[in-house]
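Residue numbers for the sequence shown follow the UniProt record's numbering, beginning at 1 and rising by one.
Remarks on the structure that follows.
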Amino acid sequence: MLLDGGVAVRSGSEYGPSGEGLIRLSFVADLGTLAAGLDRIETIVLRLRETR
């Protein structure tokens, strides 16, 4: 997601076996920046759905 949308995420498995197959998000920004980041995540997820 970082390369496609400028949003960094971490693999859930980095935080233990129950996180396998998940991503981890950390929100540390003002509301405007968070909203823009969530919009970019939405765009990426929709694009991924189209390719599957």
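Even for Gly, the Cβ is constructed at its ideal location relative to N, Cα and C.
Fair warning: this is a prediction, and the values are worked out from it, not measured in the lab.
{"Check": "Please report how far the alpha carbon of E50 lies from the alpha carbon of T33, in whole angstroms.", "Outcome": "26 Å"}
{"Check": "Identify whether S26 lies in helix, strand or coil by the three-state DSSP scheme.", "Outcome": "coil"}
{"Check": "Output yes or no for whether 8 Å exceeds the beta carbon distance between I23 and R40.", "Outcome": "no"}
{"Check": "Assign R10 to one of three DSSP states: helix, strand, or coil.", "Outcome": "strand"}
{"Check": "Check E42 in the structure and name its three-state DSSP category.", "Outcome": "helix"}
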